[in-house]
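Protein chains in written order, with the working numbering: chain E, 1 to 411; chain G, 1001 to 1796; chain L, 2001 to 2278.
Have a look at the structure below, then the notes.
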Amino acid sequence: MTAASLVVNEIKGYHRFIKFLILLVAVAAVASMARFVFGLGPTTNLNDTYPWGLWISFDVVTAVPLAAGAFTLGAIVHCFHIKKLEPLVRPAIVTGFLGYSLVCIGLLLDLGQPHKGWHVMRYWNLHSPMFEVSMCVMAYTTVLLLEFLSPVTEKFGWYLPMRVLRWLEMPLVILAAAISTLHQSSLGTFFLIAVDKLHNLWYNPLLPLLFWVSAICSGMCIIIVEATACHKWMGQPNEGVLLRTLAKTLPWTLALYIALRVYSLLVLSNGPFFDQPVLTLLFGLELGFGFILPFFMFTQQSVRNDDRRRVIAALLVVFGLILNRFNVSMFGMMDPNQIYYPSLIESLVTIGIIAAHILFFVLIAKYFPIFEHHPETVDYSLPDRFRKIDGGKGSEETVPVVGQPVAETND
Amino acid sequence: MTNHWIDIKHADVIMCIGSNPAENHPISFKYVEEAMDNGAKLISVDPRYTRTSSKSDTYAQLRPGTDIAFIGGMINYILNNDLIHKEYVVNYTNAAFLINEKYDFNDGLFSGYDSDDFKYSKDTWAYQTDKDGKQLRDDTLQHPRSVYQLLKKHYSRYTPEKVCEITGTAIQDYMEVIRTFTATGKAGKAATIMYAMGTTQHTYGTQNVRSYAMMQLLLGNIGIAGGGINALRGEANVQGSTDYAILYHILPGYLKSPTYDNKSLATYNEKWTPKSTDAQSANWWSNTPKYMTSLLKAYWGDAATEKNDFCYDYLPKRSGNYSFIPLMERLQGGGFEGLVCMGTNPIVGGPDAGSIANGLDSLKWMVAADLWETETSVFWRRPGVDPKTIDTEVFLLPAASSVEKEGSISNSGRWAQWRYKAVNPPGHAESDAFIVDQWVKNLKKMYAKDGEFPAPITDLDWNYGNGHEPDIDMVARECNGQFTRDIRIKGKLYKKGQQVPSFAFLQADGSTTSGNWLYCNSYTEKGNMMQRRGQEDPTGMGFYHNWAWCWPVNRRVLYNRASVDMNGKPWNPNKPIISWNKLTRKWEGDVPDGGWVPMSEDGTKSPFIMLPEGYGRLYAGGLADGPFPEHYEPMESPVNNLMTSQQSNPAVAIPGKIGDVANYPYVGTTYRVSEHWQAGAMTRNLPWLVELVPDMFVEISEGLAEWKNLKNGDMVTVTTERGKIEARALVTSRIKPLRVQGKMIEQVGLPWHFGFNGLATGGSANTLTTATGDANTTIPEYKAFLCNIEKGGLPS
Amino acid sequence: MSKVDTSKQKAFLIDMTKCTGCRGCQVACKQWNQLEAEKTEFFSGEGYQNPPAMSEYTFTRIKFRDYQKNGQNEFAFYKEMCMHCEDPACASVCPVGAFEKTAEGPVVYKADRCIGCRFCMIACPFGVPKYEWSKGLPLVKKCTGCYERVVEGLQPACATACPTAITYGNRDEMIKIAEERLAKHPDKYIHKVYGKEEAGGTSVIYLTSLPFDELGFKPVTLRPLPGYTWQALRMVPAAFLTVGGGLSALSWITHRKDRLKKEREEEAATAGEPKEDK
Ligand SMILES: Nc1nc2c(c(=O)[nH]1)N[C@H]1C(S)=C(S)[C@@H](COP(=O)(O)OP(=O)(O)OC[C@H]3O[C@@H](n4cnc5c(=O)[nH]c(N)nc54)[C@H](O)[C@@H]3O)O[C@H]1N2
Ligand SMILES: Nc1nc2c(c(=O)[nH]1)N[C@H]1C(S)=C(S)[C@@H](COP(=O)(O)OP(=O)(O)OC[C@H]3O[C@@H](n4cnc5c(=O)[nH]c(N)nc54)[C@H](O)[C@@H]3O)O[C@H]1N2
Ligand code: SF4
Ligand code: SF4
Ligand code: SF4
Ligand code: SF4
Ligand code: SF4
Ligand SMILES: [Mo]
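Rendered as structure tokens:
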């Protein structure tokens, strides 16, 4: 009773925007209940022609690359050892963890037999990209959870797990990158089976590679967007300098992507390409505005250095990625005589998932030390004992609240 | 069928005319396609492009009701081009016979017409005979009074151009049909005709069939493998039920039912036993007295004695026409107190069905025995009627379906096949045999108590055991017949109670019984022949003599002695039905149509043993509407008869409620679809079939749709002089207007399966049809009428 | 995919020139599988076609084509059903291996395994697997090839009901018959045995007299579909090792610099040297 009233009081104190997000999430929760009560048919616009709709196209196929920031950045920071980007890592991990958790939730809603989801682990089918992705997503979500546990253990000052996690950090980062490579690309492999269904503009054997490269691009761009947003709306410090560094890598990755794309189209695909005006337009929008334009933008130092223009360029890539994933998983396979569009319930659920993402991010940021993780505050050697070096902003807030073995940490 | 289903595979040409076997006899298509695999050509002649047409090599469209013109033109072509099978025609048909000098045909009327009661007196149609009564003939076929010359003259008027003006057939299609079909006039080639209701449901339906038969005789196609004219029978056991006298004018085995003036068995026999003066004619019907007496003995058993004329008096005598249309007219006049509908649904299936439904209102009681609640059994709640105003007491007896009871079923190929009960009937459902058995047993009791003229009922030899069900095996034994006393026939002794081996052993003296002489041989001392399931086919001709049993005497192809030449050698040695073995002096192959020696030898008999003259009839003097089929227009027609000034069949009275082309400009026809069965109770209640064809539709041409501003699926109202129904328009290029006498005439097609009751409901096509029938059989003219179509459904 | 023993493998030979569109097969299938009837109105397609498509309630359907060609009517019928591919896409993509190509030919579905992801529906080049859209916990539905009948030595229900068009037997034999028919009636048929090679070969084989596209056949690749994904998937272990190994090596190198630097610092510190700030 008191705990509940505590929670209620806590929520009452939230910003209006957060309350709005909570409402959206609640509506989505109800909508997803409807899906179980009435079945997928009546609640969604899915049918035998379009067995996959918004939930797969966005909640899975798009959300996964959008959450690619974590592994990309992890690799950059830890493997390429560009330490100064460290402050971006934790938010990226949180985003990633949330992203993947919500992907799992989205998948469970979409699955006809969610209670049998674990069958993937029981009946292996190595030939199935879906098997591959499911295993990876599960593994990667675990990895992200572990990575995410760092701030949690930190917050509660759980010493031992913290130590284990610190010790696991490098292997986890590498594992994360490897697993991500697999499933980001395997999402592309999904559509290799749609030989005679997916339009020639998108169908080519390099799909997996393209998915992977574009996920890296957009992962970085998401970090730019996120950091900028946090600065703007959550009162976090401006990480502009770091983002500038990050942005420097983007022309290279984007160039790689564009080159692969052009190559696959010119060399590996068969025509006709421009037989359907709408698809031609979507293709143009995607590649032109989503990749080529931001590529040119990111080559400009003026863009990279300017907070506003940088984030615009990053947003364009995000847009490009989203459109690309929709083009591949939805528009490129559509029968012009029978158009699919998401139902209200499908849309509400997806909106709810996006809202949940933002909501949980904000809440996590509110209660856990994710922005406070600056390189100068962390001892990166593998210490005998974890010691938090003082001086980090807001470190007072992270003072353990309850049940904390004070003696040990302060020793 | 003269032949049987499997035999179709032997054909070189198959003509489906007035039938749609792909849809209505799907299994038959197995054999049609087997023939086609071996190079046969399929011709489809139908007003509509059907699923059968879609499989055909040649499709010819014709206007409903113009088959005689169509075939007349073919006969003309055959004769003009001398494509007949000469040896066959001269020796096996009546082509050489000379016809009475007074026989005449003039502007659509044959000699002897009486316009007052729409009847011909047939005296002038007889054969010329010598002083001994033997028919005169001219084997050169040159005599001007020979059937051949009269035939030639009659059909010389049917030129291809004229025919196509009448039928609306495209002339190139017509010529292709002619060339393909008539190429089988040679020995060694066979064409078969598969016909059904498109042929028969006309005011001249019998003559339609005759025109096919004549053409086949001319081409030498009757009796041979892959030949014949094959009526594709309808209801699963309709062959059996006609064999067993479902029609008012016959008794089992096609014995004539006695008329009011057949006062004694002797007069009956005198009247209905055909006589022949030709020693070479087997004249099989000369056995009529034997069959009749055996039948009476089967009915009344020991009560039937020579002294009491074998209870002949007990038989009802007819004094009029009791066929469906007149019965229904009488019903509408309040002529009946009660009605029993046993497996029939007349207010959906009968012509001018709205009037029949109204007629039911006057009944005091009705008994319906059916698998389902039919429209007829709930006539009192049909649309537009207040049930409170109807006093009829209705009893619905749930009946067992065919798989829920045991017994024989006769298919179109005349095979009587035994079926066993697969499952018990549901609920209180009972077999028809049970229902009838109880009925008779109770009637017997009631008549015994206080019946008027009780003897015909009380004396009935009705002994089929005392089980719940009557013993079907005993029924089958009785149908075959037994000896009533020890008797020596052809030197062999038969004991009382033994099964009669075949109808050749039936006697007119009361020593044998037979419930149906045609089935005598179906249940012998060896057992129930109908239960046989032998799969041997030693000749490779598909006779399967040890599979079930076929009437008569297990003969699989009728008139098969016409399949050989004078010396008994098959016309087509590769596909012999029978052949004469000179060494053993026996026939080999199928059971011969009479075991006599070949035609070239002494002691032979002519091959068409059921006809008194023994020859296939190109000219038939016994029909109501003339010896030669002649084209008339249907009772409702959009055009004037181009052949003669005689508009409709002169032997059919013109009924009331006839519309004209000014108000009803389109030709309507009704038909079936694969997915539904008949009046629909059996299929409109089955969800799987309803899914396929869920509601009433009318097929119309693209041109008519444009003219009426109709899209596929739009609701329309179809109207005739009898009534109106609503239906969805199915716009299709399969229905095309016809060019008739220079005018384009639109036709529309309606399935007749729908009614107001059941799972799937819809307008009944028979609300629209005319209550007029064929001059000989009175089968209603379901296939041609005039109607109008307007956009929009009926106001509700 | 694993090669199946083809000697036992059965196939349907469906000769559309012999199909009368009677739809006995469609009804027999519903009866054998006890599938619900669909609610239809009028016709949903050309001719008498119904229902509008294959579905969870309809495993096979006769498609009607009703049109004119060179002034001649065409009224054609085409039986849609699962093709029972030799190397089925549905089976290859299913994460839990719920589809299986049996040695007898039918591709069967194990409902107890299925998680309902519908990847099979995306993958099938013929659009065969259908979903129970009306259910809260839906499963996939498709033609079973009447596996239960086939293993008992019976023919599939539809093949049994069909009066004319379907021949069922050993696949090699069916192909032989098909080729014989083409050879015997070259003018009657389109010269193609559909299913011999389509999607890498199927256990349903068609002959027709009308061009396949006019009957509504979808163009499909001749390569077995699983190959398309497998060419990428087979690189998974390599990719994993490359990325994992590469990054490990990379971080070892990058961190080595750090470590060395630190060691040096520590040495310096113990040596009493002044500590570097930055
Ligand atoms: N699926 C199914 N099968 C059935 C039945 C059923 O109800 N459903 N009923 C059974 C019964 S009882 C019967 S009697 C048979 C009937 O079998 P069919 O006679 O084959 O049945 P219909 O469809 O009435 O008519 C056949 C064809 O005759 C055409 N036709 C109409 N008028 C004319 C004409 O003047 N001349 C010619 N040449 N053709 C014409 C029609 O367009 C139609 O295609 O079918 C039996 N089989
Ligand atoms: N417009 C038009 N009308 C036509 C025709 C046409 O072509 N056009 N065709 C005509 C023809 S050929 C015919 S045969 C008639 C048929 O007309 P009906 O005989 O009146 O029609 P059915 O629907 O066959 O009726 C048979 C009934 O018997 C029931 N039944 C089935 N099995 C059994 C059984 O074992 N015992 C009992 N007691 N009942 C059983 C069925 O449920 C069904 O209701 O219709 C005719 N009407
Ligand atoms: S419905 Fe029965 S009788 Fe008619 S074709 Fe089919 S199986 Fe034969
Ligand atoms: S047709 Fe489709 S469902 Fe059937 S086996 Fe092939 S891929 Fe699988
Ligand atoms: S829906 Fe079921 S059968 Fe289809 S791929 Fe997914 S798990 Fe496999
Ligand atoms: S094989 Fe069996 S399940 Fe498949 S369509 Fe035929 S009857 Fe239906
Ligand atoms: S049962 Fe045979 S002939 Fe009838 S529609 Fe099906 S495939 Fe065609
Ligand atoms: Mo009939």
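Cβ coordinates follow ideal geometry from the N, Cα and C atoms, glycine included.
Everything numeric in this text was worked out from a predicted model, so none of it was measured.
C-beta neighbour in chain E for residue i, strict 8 Å
{"i": "L:His-2185", "result": "no"}
{"i": "L:Met-2121", "result": "yes"}
{"i": "L:Gly-2136", "result": "yes"}
{"i": "L:Glu-2273", "result": "Confidence at L:Glu-2273 is low in this model, with a pLDDT of 49, below 50, so the placement of that residue should be treated as unreliable; the coordinate-derived value is given next. No, L:Glu-2273 does not count as interfacial toward chain E."}
{"i": "L:Ala-2238", "result": "no"}
{"i": "L:Arg-2181", "result": "no"}
Contact under 8 Å by Cβ, residue i with residue j
{"i": "L:Tyr-2048", "j": "G:Val-1673", "result": "yes"}
{"i": "L:Met-2083", "j": "L:Phe-2126", "result": "yes"}
{"i": "G:Glu-1781", "j": "G:Gly-1792", "result": "no"}
{"i": "E:Thr-43", "j": "E:Ser-343", "result": "yes"}
{"i": "G:Arg-1555", "j": "G:Val-1591", "result": "yes"}
{"i": "G:Ala-1499", "j": "G:Thr-1539", "result": "A small correction: the amino acid at residue 1499 of chain G is Gln; Ala does not occupy that position in the sequence shown. It is not a contact, given that the beta carbons lie outside the stated cut-off."}
Chain L contact for residue i (CB, 8 Å cutoff)
{"i": "G:Arg-1051", "result": "yes"}
{"i": "E:Glu-132", "result": "yes"}
{"i": "E:Pro-375", "result": "Bear in mind that a pLDDT of 48 at E:Pro-375, under 50, signals an unreliable position, so the number given afterwards is only what the model happens to contain. No, E:Pro-375 lies away from the interface with chain L (no Cβ there is under 8 Å from its Cβ)."}
{"i": "E:Cys-79", "result": "yes"}
{"i": "G:Arg-1684", "result": "no"}
{"i": "G:Glu-1790", "result": "no"}
Delimiting residues of the alpha helix (DSSP H) encompassing residue i
{"i": "L:Val-2243", "result": "2236-2270"}
{"i": "L:Gln-2031", "result": "2024-2033"}
{"i": "L:Ala-2011", "result": "L:Ala-2011 -> not in any alpha helix (DSSP H); beta strand (DSSP E) instead, spanning 2010-2015."}
{"i": "G:Asp-1473", "result": "1472-1480"}
{"i": "G:Trp-1580", "result": "No alpha helix (DSSP H) contains G:Trp-1580, which is instead part of the beta strand (DSSP E) from 1578-1581."}
{"i": "G:Ile-1080", "result": "This sequence places Asn at residue 1080 of chain G; Ile is not what is there. Looking at the DSSP string, the run of the alpha helix (DSSP H) that includes G:Asn-1080 is 1067-1080."}
{"i": "E:Cys-136", "result": "129-156"}
Min CB distance residue i to chain G below 8 Å
{"i": "L:Phe-2212", "result": "no"}
{"i": "L:Phe-2217", "result": "no"}
{"i": "L:Pro-2052", "result": "no"}
{"i": "L:Asp-2066", "result": "yes"}
{"i": "L:Arg-2223", "result": "no"}
Neighbour list for residue i in chain A, Cβ cutoff strictly below 8 Å
{"i": "L:Gly-2244", "result": "The structure shown contains no chain A; its protein chains are E, G and L."}
Extent of the continuous beta strand (DSSP E) to which residue i belongs
{"i": "L:Trp-2230", "result": "Careful: L:Trp-2230 lies outside any beta strand (DSSP E), inside the alpha helix (DSSP H) at 2226-2233."}
{"i": "G:Lys-1152", "result": "That residue, G:Lys-1152, is in no beta strand (DSSP E); its alpha helix (DSSP H) goes 1147-1156."}
Next item on the list: Run through the region 19-81 of chain E for me and flag every whole alpha helix (DSSP H) of 4 or more residues, listed as ranges in chain order.
Entry: Correct list: 40-43, 63-66, 69-74.
Margin query: Threshold first: 3 residues or longer. Then list the beta strand (DSSP E) segments lying entirely within the region 1366-1419 of chain G, N to C.
Written below: Correct list: 1393-1398, 1407-1410, 1415-1419.
Item checked: Closer than 6 Å to ligand 2: residues, by C-beta to nearest heavy atom, in chain order -> Qualifying residues, in the order they occur: G:Met-1197, G:Gln-1201, G:Gly-1234, G:Glu-1235, G:Met-1342, G:Gly-1343, G:Thr-1344, G:Asn-1345, G:Pro-1346, G:Gly-1349, G:Ala-1369, G:Asp-1370, G:Leu-1371, G:Trp-1372, G:Thr-1374, G:Ala-1399, G:Ser-1401, G:Ser-1402, G:Asp-1432, G:Thr-1670, G:Gln-1678, G:Ala-1679, G:Ala-1681, G:Met-1682, G:Trp-1752, G:Ala-1765, G:Asn-1766, G:Thr-1769, G:Tyr-1782.
Check: Which residues have their C-beta within less than 6 Å of a heavy atom of ligand 5, listed in chain order?
Finding: Every residue passing the under-6 Å Cβ criterion appears here: L:Val-2093, L:Cys-2094, L:Pro-2095, L:Val-2096, L:Ala-2098, L:Phe-2099, L:Cys-2114, L:Ile-2115, L:Gly-2116, L:Cys-2117, L:Arg-2118, L:Phe-2119, L:Cys-2120, L:Val-2140.
Notebook entry, point to check: Which parts of the region 2171-2207 of chain L are runs of the alpha helix (DSSP H), unbroken and 4 residues or longer, counting only runs that do not cross its ends?
Noted result: For the region 2171-2207 of chain L, the continuous alpha helix (DSSP H) assignments of 4+ residues that do not extend past its boundaries occur at 2171-2184, in sequence order.
Next item on the list: For ligand 4, enumerate in chain order all residues having a CB closer than 6 Å to any of its heavy atoms.
Entry: Output, sorted by chain position: L:Cys-2082, L:Met-2083, L:His-2084, L:Cys-2085, L:Pro-2088, L:Ala-2089, L:Cys-2090, L:Val-2107, L:Cys-2124, L:Phe-2126, L:Val-2128, L:Pro-2129, L:Lys-2142.
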